[in-house]
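Undergrad: Each position in the sequence shown, counted from 1, maps to that position plus 67 in our numbering. Built from N, CA and C at the ideal position, the CB exists for glycine as well.
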Amino acid sequence: MPIIKDEDSNTKDYLLQDDKKTRFGATFIILTLIILAIAVVASGLYFKWF
């Protein structure tokens, strides 16, 4: 089963489409996770847990 549907593909068996909504959603989730990771490291340094 392919993960990303190409525009040329006729199959309906896929997990993600290759369109603007999917790219925006994936970018938003990745940026949110990066910001959360930075916040965890910053709070660990602030409270001297590391």
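Output the distance between the C-alpha atoms of Lys88 and Thr94, rounded to the nearest integer angstrom.
TA: Their backbone Cα atoms lie some 10 Å apart in a straight line.
Undergrad: Could you give the distance in angstroms between the alpha-carbon of Tyr113 and the alpha-carbon of Ile102?
TA: Their backbone Cα atoms lie some 16 Å apart in a straight line.
Undergrad: Just reading off the alpha helix (DSSP H) that Phe95 is part of, what are its end residues?
TA: Per DSSP, Phe95 belongs to the alpha helix (DSSP H) from 87-113.
Undergrad: Leaving out five residues on either side along the sequence, give the residues of the same chain with a beta carbon under 7 Å from the beta carbon of Val107.
TA: Contacts found: none.
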